[in-house]
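S.K.: Counting from 1, position 53 in the sequence shown corresponds to residue 59 in the working numbering; the numbering is continuous, with no gaps.
For each residue, glycine too, the CB sits at the ideal point set by N, CA and C.
The structure is given below, and queries will be raised subsequently.
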Amino acid sequence: MSKLCQIIHNILISIFLLQHRFSCFFISIKFTVYHIYRLFLASISSDYTTLSGSKRLGILNKELKVCKKTPVHVGLIICEDSISFYDLNNIIFWLKALGIQFVSVHAPLMEEWQGEVQIEETCSRNDIKIYCCQAHDTVHSIQKVTTLEKDVNADQAMGFLLKHKSPEPELVLQFGLPGLSLGYSPLKLRFSTIVNVPTHRSITMGTFLNAIQTYKSCKQNFGR
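Laid out in structure tokens, this is it:
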């Protein structure tokens, strides 16, 4: 009897050891598959950290179209001491590559930027509508409304403040100090998603795409 118990005991120990070895084997396979899966997700994730700028731009463009979140109008607010026209031109070019139709820029020294031949060629070649505004533009519009006859209605006042026939910006990229609208009419920012970027100077395509990705992941506040 004791001999039979010893045999059964040895069999149970063998089964336990065999199960333990197989368990370690399957755990090892599980971790290997999981690691491969994580690498695959990283290669197609929304961060696109391993992809070049042009590929990220193309993938993000497709994603925006699929989820129907491509903004028609993007506003740029530059709350910085000086403007880098070269970097501003790059931002305009990237926006056009994403299919943006309207861009409004609110920043100081916009007359100098409007006189740049490079941006004029970019606009005509890419067929993108760009509105350059300064803080005093909105102030002058409000002054004009307040000096009219008393029978001016709300629609006429709105017409002066929204003189450009463009939709309200779905996305506003604010460069520099956060919280400043720089004369941007609140009437145009009612439903805008505002994303702050530390600076527009020497901005990389990665920083730009991360800002667009932030807009893509936001839920619109219509009716909320």
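Go ahead and pull the three-state DSSP assignment for residue 98.
M.R.: What you label residue 98 is simply residue 92 of the sequence shown in a count that begins at 1. Residue state, collapsed to three classes: helix.
S.K.: Opposite residue 108 in the DSSP bridges: which residues?
M.R.: Walking along the sequence shown from the start, residue 108 turns up at place 102. DSSP, once it has assigned bridges, lists 79, 135 as partnering residue 108.
S.K.: If we count the other Cβ atoms within 10 Å of its Cβ and call it buried at 16 or more, is residue 92 buried or exposed?
M.R.: The sequence position of residue 92 within the sequence shown is 86, counting from 1. So residue 92 ends up on the exposed side.
S.K.: Could you tell me the distance, in whole angstroms, from the CA atom of residue 52 to the CA atom of residue 63?
M.R.: On the sequence shown, position 46 is the one that residue 52 refers to. On the sequence shown, position 57 is the one that residue 63 refers to. For residue 52, the predicted structure reports a pLDDT of 44, less than 50, and the residue's modelled location is therefore unreliable. The matter cannot be settled from this model.
S.K.: Is any heavy atom in the ligand GDP found nearer than 7 Å to the beta carbon of residue 177?
M.R.: With respect to the ligand GDP, the structure shown offers nothing to examine, as it has no ligands at all.
S.K.: With residue 199 as the anchor, note down where its beta strand (DSSP E) starts and where it stops.
M.R.: Here residue 199 refers to the residue found at position 193 when the sequence shown is read from its first residue. Looking at the DSSP string, the run of the beta strand (DSSP E) that includes residue 199 is 199-203.
S.K.: How big is the Cα-Cα spacing for residue 94 and residue 176?
M.R.: For the purposes of this step, residue 94 is identified with residue 88 of the sequence shown, where counting begins at 1. For the purposes of this step, residue 176 is identified with residue 170 of the sequence shown, where counting begins at 1. Spanning the two alpha carbons is a distance of roughly 19 Å.
S.K.: Between which two residues does the alpha helix (DSSP H) carrying residue 183 extend?
M.R.: As a working note, residue 183 is residue 177 in the sequence shown. Element bounds for residue 183: n/a, residue is neither H nor E.
S.K.: What separation, rounded to the nearest whole angstrom, lies between the Cα atoms of residue 106 and residue 173?
M.R.: The residue you call residue 106 lines up with position 100 of the sequence shown. The residue you call residue 173 lines up with position 167 of the sequence shown. Roughly 12 Å between the two C-alpha positions.
S.K.: For residue 68 and residue 198, what's the separation of their Cα atoms in angstroms?
M.R.: Position 62 of the sequence shown, counting from 1, holds the residue named residue 68. Position 192 of the sequence shown, counting from 1, holds the residue named residue 198. Taking the straight line joining both Cα atoms gives about 22 Å.
S.K.: Which residues bound the alpha helix (DSSP H) around residue 222?
M.R.: Translated into the one-based positions of the sequence shown, residue 222 becomes position 216. Looking at the DSSP string, the run of the alpha helix (DSSP H) that includes residue 222 is 211-223.
S.K.: Could you tell me the alpha carbon to alpha carbon distance between residue 108 and residue 134, rounded to whole angstroms?
M.R.: The count along the sequence shown starts at 1 and reaches residue 108 at position 102. The count along the sequence shown starts at 1 and reaches residue 134 at position 128. Between residue 108 and residue 134, the C-alpha separation is close to 6 Å.
S.K.: Are the beta-carbon atoms belonging to residue 214 and residue 84 less than 8 Å from one another?
M.R.: As a first step, residue 214 must be located in the sequence shown, where it is residue number 208. As a first step, residue 84 must be located in the sequence shown, where it is residue number 78. Contact flag unset, no.
S.K.: Measuring straight from C-alpha to C-alpha, what distance separates residue 98 and residue 224?
M.R.: The residue you call residue 98 lines up with position 92 of the sequence shown. The residue you call residue 224 lines up with position 218 of the sequence shown. Going by the C-alpha atoms only, they are around 22 Å apart.
S.K.: Enumerate in chain order the residues of its own chain whose CB-to-CB distance from residue 202 is below 7 Å, with the five nearest sequence positions on each side excluded.
M.R.: In the sequence shown, the residue the question calls residue 202 occupies position 196. Only 180, 184 meet the Cβ criterion.
S.K.: State the CB to CB distance for the pair residue 209 and residue 178, rounded to an integer number of angstroms; the pair is presumed to be in contact (CB under 8 Å).
M.R.: Residue numbering aside, residue 209 sits at position 203 when the sequence shown is read from its first letter. Residue numbering aside, residue 178 sits at position 172 when the sequence shown is read from its first letter. In fact, because the Cβ distance is near 16 Å, the residues do not count as touching under 8 Å.
S.K.: By Cβ distance, which residues of its chain are closer than 6 Å to residue 81, with the 5 residues on each side in sequence left out?
M.R.: Counted from its first residue, the sequence shown places residue 81 at position 75. Cβ within range, chain order: 110, 175, 178.
S.K.: Decide if residue 206 is buried, meaning its Cβ has at least 16 other Cβ atoms within 10 Å, or exposed.
M.R.: As a first step, residue 206 must be located in the sequence shown, where it is residue number 200. Residue 206 should be labelled buried.
S.K.: Using the Cβ count rule (16 or more neighbours within 10 Å means buried), how would you classify residue 77?
M.R.: Stepping through the sequence shown from its first residue, residue 77 is reached at position 71. Residue 77 should be labelled buried.
S.K.: Please report the distance separating the alpha-carbon of residue 66 from that of residue 104.
M.R.: The count along the sequence shown starts at 1 and reaches residue 66 at position 60. The count along the sequence shown starts at 1 and reaches residue 104 at position 98. Looking at the two C-alpha atoms, the distance is approximately 8 Å.
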